[in-house]
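The numbering of the sequence shown is numbering that gives the first Met the number 0, which starts it at 0 and goes up by one.
Using N, Cα and C, we set each Cβ at its ideal position, and we do this for glycine too.
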Amino acid sequence: MRLSHAFIPTLKETPNEAQIASHRLMLRAGLVRQTSAGIYAWLPLGLRVLRNIERIVREEQDGAGAQEILMPTIQPAELWKESGRYEDYGKEMLRIRDRHERDMLYGPTNEEMVTDLFRQSVKSYRELPQILYHIQWKFRDEVRPRFGVMRGREFLMKDAYSFDLDHAGAVASYRKMMLAYMRTFQRMGLKAIPMEADTGPIGGDLSHEFIILAPTGESQVYYDAAFEEIDYLSAGAGGFSHEKPEDLARFFQEMTTHYAATDEKHDTARWDQVTAERKREGRGIEVGHIFYFGTKYTKSMGATVAGPDGKQVHPEMGSYGIGVSRLVGAVIEASHDDAGIIWPDSIAPFKAAILNLKIGDAACDALCEQLYAAFGGNALYDDRTDRAGAKFADADLMGHPWQIVVGPRGAAAGKVELKRRATGERVEVTPAEALSRIG
Ligand code: 5CA
């Protein structure tokens, strides 16, 4: 993308309404714009990040054996009347009436709808287990939407739903999803800690929140630093495979042995047993939440399958959410400095920015064009006629992992300056060397 014609409306001033770093930076770097309270339009730079997060979430869900579907945002009220949640959900639910006076709603979550799809089609225990997921916009009429996309009213969620014949199967699905989550967050450069949680309006009796530390988090959290040392991605010794039940058991054991709790579940007696240098505490942001609730929905909505003995049984369910749009803000909370965003490579909107310090200089222009072509669309080319200082500031603000700075003196000698955003480290290299380092 060429910056001279890109729709990336950066702001010099800090917007008044933004109270936290991620909200400020998302507005200043031109990622999003608010269109109503808690509702945002995603502009090209923000959308590219959102898509990258979606891609990682999707790869890990697929890798764990979940199947992608796409359910609508608008749901019929009848389904929610069946489960009993139509009244319970209260004012958070946006209720809509269509031209035939039918009660509809903008989905805040999809337990009812997925249970309906399941009961229409799955008839035998032989078809189990099933894990279905989608990545779809939700609406919750939050009392206090705030902090930009972190607590929006409309937000993008990945929600998965598991169906198993019995409790043991449901527990295996729960553990599989938990492992997929730890892998997902690690790939985004986040240290997310699973913490036992309350189940709230989703219901059930087993639940974990996935929390990352950030000063602006909404709850106080406590955990053992042991979590920070675990590598969920390595397949070798110590790695976990979601296909082996013994690995899943070992994984779950590890996730539940080390201490981790939010304020509500904090146990000072257990916390006192964690040695001082391993204690981590601070504010936490919830980026995911998983629930096991057994037959809550299959019973209330009459979903059954024929069991091995021919008798009808209600499958056991769990649901598994990731705040996809919230993650954009959460990653920024975890990774920024005074100058701007610092994107992890895996979700950055572009691999690199190319800064042409002298537009019109034949050597600079030629070199930049050559580099830009080599990225095949995965670089942002700053081809504006602005001063160098403005280009540096915008590149830092937008947070590209790499900056390739092309000035007239260097270009004449066939050299560029390569800057790593995270460390500030700069080296003078040939364009070929810059490309190979960026990879
Ligand atoms: N049905 C279950 C799991 S699929 C569910 O809805 N869980 S949830 O309510 O915990 O939401 C899942 C995730 O969505 C949360 O962990 C959070 O990361 C994100 N989320 C929830 N509410 C909001 C909101 N108002 N704005 C942005 N993200 C949100």
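Any idea what DSSP makes of PRO193, helix, strand or coil?
-> strand
LEU46 versus LEU30 - alpha carbon distance | 7 Å
Count the other CB atoms within 10 Å of the CB of THR84; is the residue buried (16 or more) or exposed (fewer)?
-> It should be pointed out that residue 84 corresponds to Arg in this sequence rather than to Thr. So ARG84 counts as buried.
Buried or exposed: ASP223, going by 16 or more other Cβ atoms within 10 Å of its Cβ?
-> buried
Could you tell me how far apart the beta carbons of MET174 and LEU127 are, in whole angstroms, since I believe they sit closer than 8 Å?
-> The sequence shown places Arg at residue 174, not Met. Going by Cβ atoms, the distance from ARG174 to LEU127 rounds to 16 Å, so no, they are not a contact pair.
N-terminal and C-terminal residue of the alpha helix (DSSP H) that HIS133 is part of | Where HIS133 is concerned, there is no enclosing alpha helix (DSSP H), although the beta strand (DSSP E) it sits in stretches over 129–138.
Within 10 angstroms of its Cβ, does ALA389 collect 16 or more other Cβ (buried), or is it exposed?
-> exposed
Would the beta-carbon of ALA167 fall within 9 Å of that of HIS241?
-> no
What residues in its chain sit with their C-beta under 6 Å from that of GLU285, if we drop five residues either side in the sequence?
-> GLU208 and ILE210
Between the region 103–121 and the region 338–355, are three or more C-beta pairs nearer than 8 Å?
-> no
Please specify which runs of the beta strand (DSSP E), each continuous and at least 3 residues long, are wholly inside the region 271–334, giving them in chain order.
-> 278–293 and 315–322
In whole angstroms, what is the alpha-carbon distance linking ALA302 and ARG279?
-> 44 Å
Are SER324 and MET194 touching if we call contact CB-CB under 9 Å?
-> no
Between the Cα of ILE231 and those of ILE73, PHE250, ALA28 and LEU49, spot the shortest distance and give me the residue it belongs to.
-> The question names Ile, yet the displayed sequence has Tyr at residue 231. Comparing Cα-Cα distances from TYR231 to each of ILE73, PHE250, ALA28 and LEU49, the minimum goes to PHE250.
If you compare alpha carbons, which of LEU44, VAL148, MET176 and PRO343 is closest to ILE437?
-> PRO343
Determine the direct distance from the alpha carbon of GLU332 to that of ASP140, and round the result to whole angstroms.
-> 24 Å
Close beta carbons around ARG101, own chain, < 8 Å, minus the five adjacent residues each side = PRO75 and ALA76
Which whole-angstrom value is the C-beta distance of GLY450 and THR261, which I expect to be below 8 Å?
-> As displayed, the chain neither begins before 0 nor continues past 438, which places residue 450 out of reach and without an answer.
Nearest neighbour of TRP401, chosen from ASP393, ALA392 and ARG419 [CA to CA] | ARG419
Should ASN15 be labelled buried (16 or more other beta-carbon atoms within 10 Å of its own) or exposed?
-> exposed
Return yes when at least one heavy atom of ligand 1 lies under 8 Å from the C-beta of GLU53, else no.
-> no
Report buried or exposed for THR114, applying the criterion of at least 16 other Cβ atoms within 10 angstroms of its Cβ.
-> buried
Between the C-alpha atoms of TYR371 and LEU379, what's the straight-line distance to the nearest angstrom?
-> 8 Å
Using the Cα positions of PRO214 and ALA20, report the straight-line distance between them to the nearest angstrom.
-> 10 Å
Would you say the beta carbon of ALA169 comes nearer than 8 Å to a heavy atom of ligand 1?
-> no
Option in ALA361, ARG277 and TRP136 with minimal Cα separation from GLU53 | TRP136
Using 8 Å as the cut-off, classify the Cβ of GLY83 as near or not near the heavy atoms of ligand 1, replying yes or no.
-> no
How close, in whole Å, do the beta carbons of ILE289 and MET176 come, if the pair is a contact with beta carbons under 8 Å?
-> 6 Å
My guess is that TYR160 and MET316 are in contact by the Cβ rule of under 8 Å, so how many angstroms apart are they, rounded?
-> 6 Å
So the beta strand (DSSP E) VAL426 belongs to, where does it begin and stop?
-> 425–428
Cβ of ASP158 within 8 Å of any heavy atom in ligand 1?
-> yes
Same chain only: Cβ atoms within 8 Å of VAL273, ignoring 5 sequence neighbours per side = ASP223 and TYR258
Indicate the three-state DSSP secondary structure (helix, strand or coil) for LYS175 in the structure shown.
-> helix
Under 8 Å Cβ to Cβ from HIS399, same chain only, skipping five residues before and after it: list those, please.
-> TRP342, ALA347, PRO348, PHE349, LYS350, ALA351, ALA352, LEU379 and ARG420
Secondary structure at ALA40, three-state DSSP: helix, strand or coil?
-> strand
Across which residues does DSSP place HIS207 in a beta bridge pair?
-> GLU195 and ILE289
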